[in-house]
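Peer 1:
In the working numbering, the protein residues as written are 233 to 643.
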């Protein structure tokens, strides 16, 4: 290997490459163990590399001039970064093989430029962008998870069980002196919410794991993201039939419960909006002594709330932002694409139920799975196990804006 002293200027790199070429010429003239045609082939190959290297250097110099024109003074830093990348490329078995005449090609393929100071996409040249290498870009994560609106705890065993009040007779009453006291009773039934598993896996070739930079970390992010997406759906609409969770919509109040209440025909036809529908949901819960503290909506519907207008085209602005969180009646609105556009949830999160975690989300890599060993593959598995116990199903109101609108405009 040729010893290259560290330099500070781009011209020094050119000089060093020319020196290497002269050394190879000297080796050929001295009669190294190869024929003239063989050595000429090596020299031609190196001349090709030298030409490409000079082109890269010219492009880099142009980029440095461009940066300097933008007021930057980082030429030395960029030049040093390029020189170090070039020296690193030469300190490889591939280059040693080339200098020993064991290989006819040597490609400088990892000459990448680091950013020196702040740079914008508009200021990038084609050369630098082509040489940039970005990691695998992750999918966009939901900013809000349904579990964030619920109480969360841990559990042991395979299920959560508790006695639920299913009915009863008699109520306390005022009585005259000496009169009989009213008898009361309550009916109980044991309810069981089993821990359900939400899993998923991917099988990937070992070559892909090795060749794609950052693939392992990407999978460790992407699989949990999809598991949590499925959990969101289960917590909202799971039907409770194993292996599904018992979601918020099961047993929840709906537009049918608004009928024959003060909300039935409360607003003139065509005058209601999404704000009125939310008010109906809040009102029906409060009428049952619940304290609603959370609203779940699709971001599209939150946007339409924000630009609601009256007949004169004036914004009614029913949403108030508190710490950058939209609120109505003091209730925070949580936005999630897990909620279908056109529908909404209003709930008392302290009474509706609790999410119990049996096994937290885990991501594991396995080589011993199926034909993985013989096919050079790896299995990546993500899973978690949990139960959602509903305490008071009617502590949640959910429906579509269209259905609720039909009820409150029934007159």
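Even for Gly, the Cβ is constructed at its ideal location relative to N, Cα and C.
Please state if the CB of residue 629 and the CB of residue 517 are separated by a distance shorter than 7 angstroms.
Peer 2: Yes; because the gap between Cβ atoms is below 7 angstroms, this pair is in contact.
Peer 1: If we count the other Cβ atoms within 10 Å of its Cβ and call it buried at 16 or more, is residue 588 buried or exposed?
Peer 2: Residue 588 should be labelled buried.
Peer 1: Taking residue 623 as the reference, which of 617, 576 and 397 has the closest Cα?
Peer 2: When only C-alpha atoms are compared, the closest one is 397.
Peer 1: What residues are listed by DSSP as bridge partners for residue 421?
Peer 2: Paired residues: 396.
Peer 1: The alpha helix (DSSP H) that contains residue 591, what's its start and end?
Peer 2: Counting along the chain, residue 591 falls outside any alpha helix (DSSP H), though it belongs to the beta strand (DSSP E) covering 585-598.
Peer 1: What is the DSSP secondary structure of residue 369, reduced to helix, strand or coil?
Peer 2: Looking at residue 369 - three-state DSSP - the assignment turns out to be coil, as it is neither helix nor strand.
Peer 1: Residue 388: which of 426, 416 and 381 sits nearest, CA to CA?
Peer 2: The shortest C-alpha separation from residue 388 is found at 426.
Peer 1: May I ask you to report which of helix, strand or coil DSSP gives residue 428?
Peer 2: Three-state DSSP puts residue 428 in a strand.
Peer 1: Do you know how far the Cα of residue 620 is from the Cα of residue 497?
Peer 2: Straight-line Cα distance between these residues: approximately 36 angstroms.
Peer 1: Taking the alpha carbon of residue 607 as the reference point, which residue from 479, 591, 440 and 470 has its own alpha carbon closest?
Peer 2: Residue 440 is the option with its Cα nearest to residue 607.
Peer 1: Which residue's Cα is closest to the Cα of residue 609: 442, 484, 519 and 572?
Peer 2: When only C-alpha atoms are compared, the closest one is 442.
Peer 1: Express the C-alpha separation of residue 372 and residue 626 in angstroms, rounding to a whole number.
Peer 2: One C-alpha to the other measures close to 34 angstroms.
Peer 1: So, helix, strand or coil for residue 623, using DSSP?
Peer 2: Coil, per DSSP.
Peer 1: If we ignore side chains and look at the alpha-carbon of each, how far apart do residue 652 and residue 505 end up?
Peer 2: One cannot answer for residue 652 here, as it falls past the ends of the chain, which runs 233 to 643.
Peer 1: For residue 592 versus residue 633, is the C-beta spacing smaller than 7 angstroms?
Peer 2: Cβ distance not < 7 angstroms, so residue 592 and residue 633 don't count as in contact.
Peer 1: Over the uninterrupted alpha helix (DSSP H) stretch that includes residue 441, give me the two end residues.
Peer 2: Where residue 441 is concerned, the enclosing alpha helix (DSSP H) stretches over 438-443.
Peer 1: So the beta strand (DSSP E) residue 449 belongs to, where does it begin and stop?
Peer 2: It is not in any beta strand (DSSP E) - residue 449 instead sits in the alpha helix (DSSP H) that spans 447-469.
Peer 1: Name the DSSP beta bridge partners of residue 631, please?
Peer 2: Answer is 576.
Peer 1: Looking only at C-alpha atoms, which of 502, 424 and 400 sits nearest to residue 394?
Peer 2: With distances taken between Cα atoms, residue 394 lies closest to 424.
Peer 1: Considering only residues of the same chain and omitting the five flanking positions on each side of residue 354, which have a CB-CB separation below 6 angstroms?
Peer 2: Because residue 354 sits at a pLDDT of 41, beneath the cut-off of 50, its placement in the model cannot be relied upon, and the following sentence gives the value as read from the coordinates. Counting only Cβ-Cβ distances below 6 angstroms, and skipping sequence neighbours, we find nothing.
Peer 1: Keeping to the same chain, check which residues put their C-beta closer than 7 angstroms to that of residue 465; ignore five residues upstream and five downstream.
Peer 2: Same-chain partners within the cutoff: 570.
Peer 1: Quick one: is residue 612 buried, meaning 16 or more other Cβ sit within 10 Å of its Cβ, or exposed?
Peer 2: Buried, because 16 or more other Cβ atoms sit within 10 Å of the Cβ of residue 612.
Peer 1: Taking just the CA atoms, how far does residue 382 sit from residue 567?
Peer 2: If I take the Cα positions, the gap works out to 14 angstroms.
Peer 1: Given this structure, state the Cα-to-Cα distance separating residue 240 from residue 565, to the nearest angstrom.
Peer 2: Reliability fails at residue 240, whose pLDDT of 45 lies under 50, so the model's placement of it is uncertain and the value that follows must be treated cautiously. Answer to the nearest angstrom: the Cα atoms are 58 angstroms apart.
Peer 1: Report buried or exposed for residue 584, applying the criterion of at least 16 other Cβ atoms within 10 angstroms of its Cβ.
Peer 2: Looking at its Cβ environment, which holds 16 or more other Cβ atoms inside 10 Å, residue 584 is buried.
Peer 1: Among 561, 532, 478 and 529, which one has its Cα closest to the Cα of residue 515?
Peer 2: When each option's Cα is compared against that of residue 515, the closest is 561.
Peer 1: Fully enclosed by the segment 509-544, which beta strand (DSSP E) runs are 3 residues long or longer?
Peer 2: Taking only runs of at least 3 residues, the beta strand (DSSP E) segments lying wholly in the segment 509-544 are 526-529.
Peer 1: Apart from the five residues on each side of it in sequence, which residues of its chain come closer than 8 angstroms, Cβ to Cβ, to residue 470?
Peer 2: 476, 477, 478, 479, 482 and 620, listed in sequence order.
Peer 1: Confirm, please, whether the CB-CB distance from residue 615 to residue 462 is below 7 angstroms.
Peer 2: Going by C-beta atoms, residue 462 is not nearer than 7 angstroms to residue 615.
Peer 1: According to DSSP, is residue 375 part of a helix, a strand, or is it coil?
Peer 2: Residue state, collapsed to three classes: coil.
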